[in-house]
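Following: one structure in structure tokens, then a few remarks.
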Amino acid sequence: MYAHGMSRSQLIPAPEFAPPSIAHLSPADRILLWARMVDEGDRFIYDGFRRRYATEAEVQQAVAEWLERRSAESTPAKIRMLKGRRPQVHDGE
Amino acid sequence: MASEGVLATLRAGWEALDGISALKAVIGGLALSAWNHARYTRDADVLVAIPVDQVDRLVAALAAAGFHPRHSPPLRVIETQGIIQFTFQPPGSLMPFQLDVLLAETAFQQDALVRAVPRPLPGDEGEVMVVRPDDLLVIKLLAGRIIDRADAAMVLRENRDSIDFDRLHRVIAEQGLSEDYRATWLEAYPSEPVPDLS
């Protein structure tokens, strides 16, 4: 714990250890950075499947299953977002 | 060479949805990066205020643009919430992308669409509407996964000057997210006391 009972960051790097902000980039360049990050990540994942499986058909099957798992994981979160939450007793106090 | 397939997916989907008379805004990975937090997420999500009786038109427009509904019928109603999921294979991409169209029904969602701001797409290829950072933060807290909470903290940290905190704190209370927000605040600003939300 920090002084005064405050918590240290656990889900993201503490400010003093965080990577540089991208706020100095133009909005379009920030979006482009994300798109290229997705390309790079996809390449890692796809190459992993290619090393694991012998045929292109097996790779494509693995890709399809991976995408299906991702969708199955993210869809409930999107439904939670759409539903919203009802106010709780004492909430906001 | 990079294919930027996720951008191609959003561009094609946005153009198709432009033919539908409805408020809409991007809320997925593009919105995160527009608000200074780029991470690996393939989520291409669009929040759309469209009556259920016009969903067929929406599906037809996206199908004409090369999007394939993942389900039959395309509209899934899960716990009373409507979601339409498509797959799209942009040229040159290693893997297909999923475009999720989320039907906005609550007052918060409708407000978020009204408050959305335009952001240019790379390469002078038009612009899309993006929900504002405070609305994105609420959306992330409602989604509720660990990764969503981390996203919320980064959006809070990276957009302090762009957030309407009075409105944000009111919405946080209305949505019953005060405890989540307090934790998010301490993630974003560990050395600062949490604002009074009362």
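Heads up: the protein sequence lines correspond to chains Z and P, in order. Everything in the first sequence is counted per this note's numbering, starting at 1 for the first residue and increasing by one. Everything in the second sequence is counted per this note's numbering, starting at 1001 for the first residue and increasing by one. Beta carbons are placed, not taken as given, at the ideal position from N, Cα and C, and that holds for glycine.
Measuring CA to CA, which of A18(Z), Q61(Z), R52(Z) is closest to R1095(P)?
Residue numbering aside, residue 1095(P) sits at position 95 when the second sequence is read from its first letter. The residue asked about is misnamed: residue 1095(P) is Met in this sequence, not Arg. That would be Q61(Z), whose Cα lies nearest to the Cα of M1095(P).
What does S1003(P) reach in chain Z if we use C-beta pairs closer than 8 Å?
Start at 1 with the first residue of the second sequence, and residue 1003(P) comes out as number 3. The contacting residues are D39.
CB contact below 8 Å: P20(Z) versus chain P:
For the purposes of this step, residue 20(Z) is identified with residue 20 of the first sequence, where counting begins at 1. No, its Cβ sits nowhere closer than 8 Å to a Cβ of chain P.
Quick one: what does DSSP say H1037(P) is sitting in, helix, strand or coil?
As a position in the second sequence, residue 1037(P) is number 37, starting the count at 1. Note: H1037(P) maps to coil in three-state DSSP.
I'd like to know whether the C-beta atoms of D1045(P) and K78(Z) end up nearer to each other than 8 Å.
As a position in the second sequence, residue 1045(P) is number 45, starting the count at 1. As a position in the first sequence, residue 78(Z) is number 78, starting the count at 1. In this structure, K78(Z) lies closer than 8 Å to D1045(P) by Cβ.
Simplified DSSP state of W1185(P), which is helix, strand or coil:
In the second sequence, the residue the question calls residue 1185(P) occupies position 185. The answer is helix: DSSP assigns W1185(P) an H, G or I state.
For the stretch 1009 to 1088 of chain P, list the beta strand (DSSP E) runs that are entirely contained and at least 3 residues long, ordered along the chain.
Runs of the beta strand (DSSP E) lying entirely within the stretch 1009 to 1088 of chain P and spanning at least 3 residues, in chain order: 1024 to 1026, 1044 to 1048, 1075 to 1078, 1081 to 1088.
Is the stretch 40 to 59 of chain Z close to the stretch 1049 to 1068 of chain P, with three or more CB pairs under 8 Å?
Verdict: no, contact absent.
With 7 Å as the C-beta to C-beta threshold (strictly closer), list the residues of the stretch 1109 to 1142 of chain P near chain Z in chain order.
Hits within the stretch, in order: R1119, P1120, L1121, P1122, I1139, L1142.
Neighbour flag for Y53(Z) against chain P, beta carbons, 8 Å:
In the first sequence, the residue the question calls residue 53(Z) occupies position 53. Y53(Z) has a beta carbon lying at 8 Å or more from every beta carbon in chain P.
Which bits of chain Z does Q1098(P) rub up against, with CB to CB less than 9 Å?
Taking the second sequence and counting its residues from 1, one reaches residue 1098(P) at position 98. Neighbours of Q1098(P) on chain Z, chain order: L67, R70, S71, S74.
Give the single residue among P13(Z), P19(Z), D39(Z), S21(Z) whose Cα lies nearest to the Cα of E1004(P).
As a working mapping, residue 1004(P) is identified with position 4 in the second sequence. Relative to the Cα of E1004(P), the nearest Cα in the group P13(Z), P19(Z), D39(Z), S21(Z) belongs to D39(Z).
Going by C-alpha to C-alpha distance, which of R69(Z), R70(Z), P76(Z), D29(Z) sits closest to E1125(P)?
In the second sequence, counting from the first residue as 1, residue 1125(P) sits at position 125. Of R69(Z), R70(Z), P76(Z), D29(Z), the residue nearest in Cα terms is D29(Z).
Pick helix, strand or coil for P1133(P), following the three-state DSSP scheme.
Mapped onto the second sequence, residue 1133(P) falls at position 133. In the structure shown, the three-state DSSP call for P1133(P) is helix.
Can you find at least 3 beta carbon pairs, one from the stretch 1057 to 1072 of chain P and one from the stretch 1032 to 1041 of chain P, that sit closer than 8 Å?
Verdict: no, contact absent.
Using a Cβ-Cβ distance cut-off of 8 Å, determine whether E953(P) contacts chain Z.
Only positions 1001 to 1198 of chain P appear in this structure, which leaves residue 953(P) out of reach.
Quick check: is the beta carbon of Q10(Z) nearer than 8 Å to any beta carbon in chain P?
Position 10 of the first sequence, counted from the first residue, corresponds to residue 10(Z). Q10(Z) belongs to the set of residues whose beta carbon lies under 8 Å from a beta carbon in chain P.
Assign S1021(P) to buried or exposed, taking buried as 16 or more other Cβ atoms, counted over all protein chains shown, within 10 Å of its Cβ.
For the purposes of this step, residue 1021(P) is taken as residue 21 along the second sequence, with counting starting at 1. The residue is exposed, with fewer than 16 neighbouring Cβ atoms inside 10 Å.
Proximity of R96(Z) and A1143(P) at Cβ, strictly below 8 Å
With chain Z covering 1 to 93 only, the question about residue 96(Z) has no answer from this structure.
Every unbroken alpha helix (DSSP H) within the stretch 26 to 65 of chain Z, with a cutoff of 4 residues, ordered by chain
List check, alpha helix (DSSP H) in window: 27 to 52.
Under 7 Å (Cβ pairs) to chain Z, residues found in the stretch 1049 to 1070 of chain P:
Within the stretch 1049 to 1070 of chain P, no residue qualifies.
Output yes or no for whether 8 Å exceeds the beta carbon distance between L1010(P) and V1026(P).
Taking the first residue of the second sequence as position 1, residue 1010(P) is located at position 10. Taking the first residue of the second sequence as position 1, residue 1026(P) is located at position 26. Contact flag set, yes.
Return no unless some Cβ of chain P is closer than 8 Å to the Cβ of G48(Z).
In the first sequence, the residue the question calls residue 48(Z) occupies position 48. Judged by the 8 Å Cβ criterion, G48(Z) is not in contact with chain P.
Along the stretch 24 to 35 of chain Z, what residues have a CB closer than 9 Å to any CB found in chain P?
Of all residues in the stretch 24 to 35 of chain Z, only L25, S26, P27, A28, D29, R30, I31, L32, L33, W34, A35 come within less than 9 Å of chain P when Cβ atoms are compared, listed by chain position.
Quick check: what's the CA-CA separation for V1131(P) versus A1031(P)?
On the second sequence, position 131 is the one that residue 1131(P) refers to. On the second sequence, position 31 is the one that residue 1031(P) refers to. Rounded to the nearest whole angstrom, the C-alpha separation of V1131(P) and A1031(P) is 7 Å.
Taking T1041(P) as the reference, which of S71(Z), S9(Z), Q10(Z) has the closest Cα?
In the second sequence, counting from the first residue as 1, residue 1041(P) sits at position 41. Out of S71(Z), S9(Z), Q10(Z), S71(Z) has the C-alpha closest to the C-alpha of T1041(P).
What residues from chain Z crowd round R1145(P), counting only those whose CB sits closer than 7 Å?
As a first step, residue 1145(P) is located in the second sequence; it is residue number 145 there, counting from the start. Close to R1145(P), with beta-carbon spacing below 7 Å, are these residues of chain Z in chain order: A77.
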